[in-house]
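Chemist: Let me give you the structure first, and then I'll get to my questions.
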Amino acid sequence: MKETEEVLRYLGYRGKPADERTLLTIESCISELRAAVTPRSLSLLLPVKFDGDAVLLGNLRVESRDLRNHLSGCGEAYLFAATLGTKADFLLERASKIDISRAVVLQACAAALTESVCDEAERELSAEAAKRGLFLRPRYSPGYGDFSILHQRDLLGILQAQKKIGLAMTQDSMLVPTKSVTAVIGLTAEQTTCHIAKCMGCKSLNCPFRKD
Amino acid sequence: MGILEDLGKRMVFFDGGMGTLLQENGLGPGELPELWNLTRPELIKEIHSRYRAAGADILTTNTFGANPIKLHGCGRSTEEIVAAAVALAREAAHGALVAMDIGPTGKLLRPLGDLDFEDAVSAFSRAAAAGEKAGADLILIETMSDTYECKAAVLAAKESTRLPVFVTMVVDEQGKLLTGGDIPAAAALLEGLGVDAVGLNCGFGPGQMKKFLPQMTQACSLPVIVTPNAGLPRTEGDKTVFDVKPEEFAAVMEEIAKEGAWILGGCCGTTPEHIAAVVRRCKDLSPRPIVPKNRTVVSSFARAVVFGEKPVLIGERINPTGKSRLKQALRDNDMDYLLREAITQQENGAHILDVNVGLPEIDEPALLRRAVMEIQGISDLPLQLDTSDPKAMEGAMRIYNGKPLINSVNGKAESMEAIFPLVKKYGGAVIALTLDENGIPATAQGRFEIAEKIVRTAREYGIDKKDIVFDTLAMTISAGQENAAITLEALRLIRDRLDIHTSLGVSNISFGLPQREHINAAFFTMALQNGLGAAIVNPNSAAMMDAYHAYCALSGSDEQCMDYIARYSAQKAEAAPPPAAGEISLLDAVVRGLKESAHAAALRLVETEEPLAIINTQMIPALDRVGKDFEQGVLFLPQLLMSAEAAKSAFEVIRVKMTVNGEQTKKEKIILATVKGDIHDIGKNIVKVLLENYSYDVIDLGKDVPPETVVDAAEEGGVKLVGLSALMTTTVSNMAETIRQLHERVPDCRVMVGGAVLTPEYAQQIHADAYSRDAMGSVHYAQKLFGGE
């Protein structure tokens, strides 16, 4: 299963086979999460304009060369947010008090599940776009490259994410609940497959997903 | 102020949506609607006037986000905006009332987020006080999706104004708040806090909201408000449109009124036309009278526990009396031990958890608050706050996320004077002990009379008898064999004559006798048969739980014995485990990550070997081997940690033995903390488990820890090593600051750092003494620093 592979990657297996017990734990963590959490997502379509190195998403001005490059050729973009909700954090906190090994697996499963939730929501957006002959660029989030994490506040505000899906942030722009994503998804007339410098621009040097 | 008098005599109407109308007038996404009170006052006033003309009795100010947290950085103060907003509504009111609108802060409260409960209270207080000062007639707290934030807002409104308080919440398709609470839990909390009306708003249209109305009207005895959206929002081009038209909206609202809502209005997408249609259809309806529910109920953030449906089990294990391990944990600030007790009791079937942390030499108010905060972070059971210190009680009641059970009040004037005002203010059901200034009456009649006195006094404080649970005091039969009979007789009297639920600390009955469980279980059954509504018991005791489940099956409260069958038929199937898989050595058990086997092996070994020898010949070699395999990529993090858990369970055994021998059980102190602003702490928790396995005395300061706290702890404890973790680039600056302060004030303390964004170079830049790539790295550094590698 795709999620299991993703989880193993998070856990540092780097493609090596996992032992039976870990695989069973992963299975049980994924079912625990699926039964307990209520994932939610939302999006808003905005016009995209460029002004030098800045990007204008509706009224929001973002000074970011990387985002600008990422959105080049796009006339519109979705602001996007998704979250597993507070229950995932609650379960993680609880697991870390009784069994740290399970907590670590649960955490990886929650991260993988968040990705799946995003992918699923994106498929719907993609289908919508396809009706107009448009394609989606990959998700691009505040904190990647020079797209400042401080824009988290703007994205959440414009989407009314707290009110609508319970997604908020801390003073230091971290999303809470923690298993959440915000992103900009460009719409373009041409299908592009390239993943524009997403990893190399990112500061998470120890990230298990980093592709050098 | 006539609104409260009007309620129930005639239908009362709120206005409809504000935001949608502002968007139609050009409000952009992300723009603050509240600023328009200052920049486009004529438009706001016109909207109010249109709603007034449509027949609204209450106009809601345009102040949904007018609190210091949401307005931060906008250049205008909460007071300025609120004053303008209330004035505009006032000008349009012409006899209507003005509701000061209060929406959520937009932030998540601790422990899920980083907003402190009291900071939320302060923010809401400023908004509420400004509203009253500007002339609002009531406070409307709305679109709340978190019971905890809701509680902060209600406390703020009540503490900083004298206005009536209405509260509406938003639920999802399952009838749950975004933070997981259900309607009965939220209603219990709000009724306990003494709000004047409760209800639902936003989320969806009237049709779906109608489905949740019965839950609301059944859960409480308050006037109910319903203000739905005009259906679900849909995007049409670049416009958001709502499907439910005024007549259709009003038709469902009429049904909602007939089902018991007293106050009607609209939320997103509703317009003056919607409200006019609702008023036309519903103004001549008679509000359906509220039937007082007389339910004894307590709640957590997630769920309500109702007395009387099935006997309620209150887990007694978080109480240091007679428990030396728990006493030790409390003195060491070892919250994890307490949290594991909470989880175990929940897994074993407790419905409510008693929390008592009273020890003579500790700061009980501080510790009880902390314990309550932490337990409600990992358990969704309601809590019984158990302390004899009124100050500790108030602190815990204030930050408790729900309607607590309070343990306890008694018939002494002093006790009632201290506790009843707290129950009135914060809400709660209170356990009342049938004793007073003259002690514990030796007769059931005497205890019954004290109960009557307590009920009378409670009424003077405005506390209904449904919020009292009587404990008729189980006293040991070893001091007088009639004790059991008196207690049971008193139970019956109170249940039959006062119609009030009861509770007992069951195990007290056997104090001083051998094999107490036999007596306890039998007495438990007898008490249940005599009407016991709740019992403070040890849910980890099979004898007590067997008695409970058997009683429920016999008394018919376990329908078709389903619970009984589920519990015991499953147990039988599992009762034939695979044959004991040979006795494996402690070393093997740890290496293979087998928790139970490691525990068992340790128990065997301590019989014959010295603890230190066991550690040196079994534990350390096992941990080293696993650590090495992990570092070489032979095994991976989950397995490393399974071994760590196995080692931990063996250490519990070995340490007990060392304590008995009077040996030192732990080595040097190491402080661990996730830095300020950072709320991800799983990495730190991993490091903690491993360091503890190498016998270091880990002081875990938790997550989001300010630099000063780390420095204070290091200084105070004479600590020589601090480990800091940070996940995000934004919080590395807080890490740097913590290191700077540590080096300045505690120069001989070393600092090791780790976390997703850190590199050896980065660590050096911020002057850390060591960088740790993974959890084993921190063990190696500690060993290098303290010797022992």
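Protein chains in written order, with the numbering used here: chain A, 1 to 212; chain B, 1001 to 1789. By construction, the Cβ of each residue, glycine as well, lies at the ideal position given by its N, Cα and C atoms.
1) Helix or strand or just coil, what does DSSP make of Glu-76 of chain A?
2) At a CB-CB cut-off below 7 Å, which residues of chain B make contact with Thr-170 of chain A?
3) Looking only at its chain, what residues have a beta carbon closer than 7 Å to the beta carbon of Ile-1343 of chain B, apart from the 5 residues adjacent to it on each side?
4) Which same chain residues end up closer than 7 Å to Thr-1105 of chain B when comparing Cβ atoms and leaving out the 5 residues on each side of it in sequence?
5) Could you give the residue range of the alpha helix (DSSP H) that holds Lys-1211 of chain B?
6) Smallest Cα separation from Tyr-1461 of chain B: which of B:Lys-1453, B:Lys-1424, B:Ala-1432?
7) Should Asp-119 of chain A be flagged as near chain B, meaning a C-beta pair shorter than 8 Å?
8) Where do the N-terminal and C-terminal ends of the alpha helix (DSSP H) with Thr-1659 of chain B fall, by residue?
9) Please classify Cys-1074 of chain B: is it buried, with 16 or more other beta-carbons within 10 angstroms of its beta-carbon, or exposed?
10) In whole angstroms, give me the CA-to-CA distance for Arg-61 of chain A and Arg-153 of chain A.
11) Under the assumption that Phe-1470 of chain B contacts Ile-1494 of chain B (Cβ atoms under 8 Å), give the Cβ distance between them as a whole number of angstroms.
12) Comparing the C-beta of Ala-1644 of chain B with each C-beta of chain A, is any distance below 8 Å?
13) What is the DSSP secondary structure of Ser-1503 of chain B, counted as helix, strand or coil?
14) In the structure shown, what three-state DSSP assignment does Ile-30 of chain A receive?
15) Output, in sequence order along the chain, the residues in the segment 83 to 98 of chain A whose CB is closer than 8 Å to any CB in chain B.
16) Spell out a yes or no on whether the segment 1395 to 1410 of chain B and the segment 1442 to 1449 of chain B are touching, meaning 3 or more CB-CB pairs, one atom from each, closer than 8 Å.
17) In this structure, does DSSP put Met-997 of chain B in helix, strand or coil?
18) If you reduce the DSSP assignment to three classes, tell me which class Tyr-140 of chain A lands in.
19) Buried or exposed: where does Leu-1007 of chain B fall if 16 or more other Cβ atoms within 10 Å of its Cβ makes it buried?
20) Taking the beta carbon of Thr-1730 of chain B as the centre, do at least 16 other beta carbons fall within 10 Å, making it buried, or is it exposed?
21) Taking only beta-carbon atoms, is Gly-1180 of chain B less than 8 Å away from chain A?
22) Specify, as a first and last residue, the run of the alpha helix (DSSP H) that Ile-165 of chain A falls within.
23) Counting Cβ pairs closer than 8 Å, one from the segment 15 to 29 of chain A and one from the segment 49 to 58 of chain A, do we hit at least three?
24) Tell me which same chain residues have a C-beta within less than 7 Å of the C-beta of Leu-8 of chain A, skipping the five on either side of it?
25) Along chain B, which residues have their Cβ under 9 Å away from the Cβ of Thr-114 of chain A?
26) Can a CB atom of chain A be found closer than 8 Å to the CB of Arg-1325 of chain B?
27) For Cys-1202 of chain B, which residues in the same chain have their Cβ closer than 7 Å to its Cβ, ignoring the five residues on either side in sequence?
28) In this structure, does DSSP put Lys-1684 of chain B in helix, strand or coil?
29) Taking CB distances under 8 Å as the criterion, tell me whether Asp-19 of chain A reaches chain B.
30) Taking the beta strand (DSSP E) that Gly-1429 of chain B falls in, what are its first and last residues?
31) Confirm the yes/no value for this check: CB of Met-1169 of chain B, any heavy atom of the ligand FAD, distance under 7 Å.
32) Considering only the beta carbon of each residue, do Ala-36 of chain A and Lys-87 of chain A sit closer than 8 Å?
33) Closer than 7 Å between beta carbons: that is the criterion. Which residues of the segment 1680 to 1714 of chain B meet it against chain A?
34) From Pro-1577 of chain B to Lys-1648 of chain B, what does the alpha carbon distance come to, in whole angstroms?
35) Can you tell which of B:Asn-1037, B:Ile-1003, B:Arg-1010 has the C-alpha that lies nearest to the C-alpha of Gly-1019 of chain B?
36) Please look up how many angstroms separate the CB atoms of Val-1298 of chain B and Pro-1404 of chain B, rounded, as I've assumed it's under 8 Å.
Modeler: Once the coordinates are examined:
1) Strand.
2) Within chain B, the residues near Thr-170 of chain A are Gly-1113, Asp-1114, Gly-1677, Ile-1679.
3) Correct list, in chain order: Ile-1378, Ser-1379.
4) Excluding residues within five positions, the ones whose Cβ falls inside 7 Å are Asn-1067, Ile-1069, Lys-1070, Leu-1115, Ala-1120, Ala-1123, Glu-1149.
5) Lys-1211 of chain B -> alpha helix (DSSP H) spans 1206 to 1219.
6) Answer by Cα proximity: B:Lys-1424.
7) So no, Asp-119 of chain A is outside the interface.
8) For Thr-1659 of chain B, the enclosing alpha helix (DSSP H) starts and ends at 1637 to 1661.
9) Label assigned to Cys-1074 of chain B: exposed.
10) In a straight line, the C-alpha of Arg-61 of chain A is about 13 Å away from that of Arg-153 of chain A.
11) In this structure Phe-1470 of chain B is in contact with Ile-1494 of chain B, their Cβ atoms being roughly 5 Å apart against a cut-off of 8 Å.
12) True, the Cβ-Cβ gap to chain A drops below 8 Å.
13) Ser-1503 of chain B: strand per DSSP, three-state reduction.
14) Ile-30 of chain A carries a helical assignment under DSSP once its states are collapsed to helix, strand and coil.
15) Within the segment 83 to 98 of chain A, the residues whose Cβ lies closer than 8 Å to some Cβ of chain B are Gly-85, Thr-86, Lys-87, Asp-89, Phe-90, Leu-92, Glu-93, Arg-94, Ser-96, Lys-97, Ile-98, listed in chain order.
16) Judged by Cβ distances under 8 Å, the segment 1395 to 1410 of chain B makes no contact with the segment 1442 to 1449 of chain B, as fewer than three pairs qualify.
17) No information on residue 997 of chain B is available, as it lies outside the stretch 1001 to 1789 that chain B covers here.
18) DSSP places Tyr-140 of chain A in strand when its eight states are reduced to three.
19) By the 10 Å Cβ count, Leu-1007 of chain B comes out buried.
20) Label assigned to Thr-1730 of chain B: buried.
21) Closer than 8 Å: yes.
22) Where Ile-165 of chain A is concerned, the enclosing alpha helix (DSSP H) stretches over 161 to 165.
23) By the Cβ criterion, the segment 15 to 29 of chain A is not in contact with the segment 49 to 58 of chain A, since fewer than three pairs of Cβ atoms, one from each stretch, lie closer than 8 Å.
24) These residues qualify, in order along the chain: Ala-18.
25) Here the premise fails: no neighbours, minimum Cβ distance about 13 Å.
26) For Arg-1325 of chain B, the answer is no, since every Cβ of chain A falls outside 8 Å of its Cβ.
27) So the list reads Thr-1143, Val-1170, Asn-1229, Cys-1267, Cys-1268, once near-sequence residues are dropped.
28) Residue state, collapsed to three classes: helix.
29) Yes, Asp-19 of chain A lies at the interface with chain B (some Cβ there is under 8 Å from its Cβ).
30) It should be noted that the sequence gives Ala, not Gly, for residue 1429 of chain B. Looking at the DSSP string, the run of the beta strand (DSSP E) that includes Ala-1429 of chain B is 1429 to 1433.
31) Inclusion of the ligand FAD in the displayed structure is not the case, the ligand content being empty and no account of it being possible.
32) Annotated as proximal: Ala-36 of chain A and Lys-87 of chain A, with beta-carbon spacing under 8 Å.
33) Those residues of the segment 1680 to 1714 of chain B that come within reach of chain A (Cβ to Cβ, closer than 7 Å) are His-1680, Ile-1682, Asn-1685, Ile-1686, Val-1689.
34) The predicted model places Pro-1577 of chain B with a pLDDT of 46, which falls under 50 and marks its position as unreliable; any figure quoted below should be read in that light. Whole-angstrom Cα-Cα distance: 24 Å.
35) Nearest to Gly-1019 of chain B by C-alpha distance, out of B:Asn-1037, B:Ile-1003, B:Arg-1010, is B:Asn-1037.
36) Confirmed, Cβ separation roughly 6 Å.
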